[in-house]
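S.K.: Under the numbering used here, the first residue of the sequence shown is numbered 464, with each subsequent residue one higher.
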Amino acid sequence: MSHASAAVMHGLDCGGLRLGTVHMTRNRCSGGRKSQTLHLHPAVVPAEEVVLIDGVATTSLARTFVDLARTTPFETAVVIGDCALRRGMRRENVDASLDHARGRLGMSRARVAATFIEPGAESPGESISRVRMRDDGWPMPTLQHEIRHGGRFIGRVDFFWKEHGVVGEFDGMVKYRGDNPGRAVEREKLREDAIRDAGFEVFRWVWADLRDFERVRERFERTCLRGAAR
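(1) What does a CB cutoff of less than 6 Å around Phe676 pick up in its chain, not counting 5 residues either side in sequence?
(2) Mapping DSSP to helix, strand and coil, what is Met552?
(3) Skipping 5 residues on each side, what residues in its chain have a beta carbon closer than 8 Å to that of Met570?
(4) CB-CB under 6 Å to Ile516, same chain, minus the five flanking residues each way: which ones, in chain order?
(5) What is the C-beta distance between Pro505 and Cys492, in whole angstroms, given that I count them as a contact (C-beta under 8 Å)?
(6) Can you give me the Cβ contacts of His612 inside the same chain, cut-off strictly under 6 Å, excluding the 5 residues immediately before and after it?
(7) Give me the Cα-Cα distance between Leu480 and Phe528, rounded to the nearest whole angstrom.
(8) For Ser498 and Ala470, what's the separation of their Cα atoms in angstroms?
(9) Less than 9 Å between the C-beta atoms of Gly635 and Phe622, yes or no?
(10) With distance defined between alpha-carbon atoms, name the residue in Met603, Arg667, Val669 and Ser586 nearest to Gly708.
(11) For Gly618, report the span of its beta strand (DSSP E) as first-last.
(12) Just to confirm the assignment, what range does the beta strand (DSSP E) spanning Arg489 have?
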């Protein structure tokens, strides 16, 4: 299994992938074929780039990421790569897979994605937000920064701009869907109040805002102004 099918086998975030076709790689230099349900890729696959998942030979996390980074949009590749890093993919293995695949179609795109991925983006929404920030020319934030105040741990925030004193939170809303959403809202408000008491301004955005990121940028700029006025 390879490409999107390998991503499924590894349990990666596959929301941006088309999953109607099974992808397999045959360890040879030619002889690929494609039908409505099967895409057979010809390529040399080193032994270290093959793992067994439930007894099924599957390309490794690094090889899977590189194959997808070559063949999918940048945003999709970043979502896959961020998730793979959280699942244990090592950067040295990515470098090795990039080297093994050199000369193949899409390698320059794959190398750009490989330099951008980060394990600190803990959800597809956070990964896509980072891509939007990059495309819009934002200063890049620190991910999963710990806020402490008076020697007390306040929380770990999604995005942090130290130079502006600003915290950004992508709100995927999952935390509010449990048995007691009211209590989750209360905890989140108390946490945000504590972050502000520590001297930082906070702004938020949700999935719908990713379709019109201009609104998020305006929110960010207003928050930076408030931070500067403190």
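Just so it is clear, CB atoms sit at the ideal spot from N, CA and C, and this is done for glycine as well.
M.R.: For this structure:
(1) Indexing the sequence shown from 1 puts residue 676 at position 213. So the list reads Arg595, once near-sequence residues are dropped.
(2) Within the sequence shown, numbered from 1, the residue matching residue 552 stands at position 89. Looking at Met552 - three-state DSSP - the assignment turns out to be coil, as it is neither helix nor strand.
(3) Locating residue 570 in the sequence shown gives position 107, where the first residue counts as 1. Excluding residues within five positions, the ones whose Cβ falls inside 8 Å are Arg533, Leu561 and Ala564.
(4) Position 53 of the sequence shown, counted from the first residue, corresponds to residue 516. Closer than 6 Å at Cβ, skipping near neighbours: Met472.
(5) By 1-based counting over the sequence shown, the position of residue 505 is 42. By 1-based counting over the sequence shown, the position of residue 492 is 29. Confirmed, Cβ separation roughly 6 Å.
(6) Sequence index remark: in the sequence shown, residue 612 carries index 149 (1-based). So the list reads Ala661, once near-sequence residues are dropped.
(7) Working through the sequence shown from its first residue, we reach residue 480 at position 17. Working through the sequence shown from its first residue, we reach residue 528 at position 65. Looking at the two C-alpha atoms, the distance is approximately 12 Å.
(8) Taking the first residue of the sequence shown as position 1, residue 498 is located at position 35. Taking the first residue of the sequence shown as position 1, residue 470 is located at position 7. Distance between the alpha carbons of Ser498 and Ala470: 20 Å.
(9) Counting from 1 along the sequence shown, the entry for residue 635 is found at position 172. Counting from 1 along the sequence shown, the entry for residue 622 is found at position 159. Contact annotation: Gly635 and Phe622 have beta-carbon atoms that are not nearer than 9 Å.
(10) As shown, the chain starts at 464 and ends at 693. That puts residue 708 outside it, with no answer to give.
(11) In the sequence shown, the residue the question calls residue 618 occupies position 155. Start and end: Arg615 to Trp624.
(12) On the sequence shown, residue 489 is found 26 positions in, with the first residue counted as 1. Arg489 -> beta strand (DSSP E) spans Val485 to Asn490.
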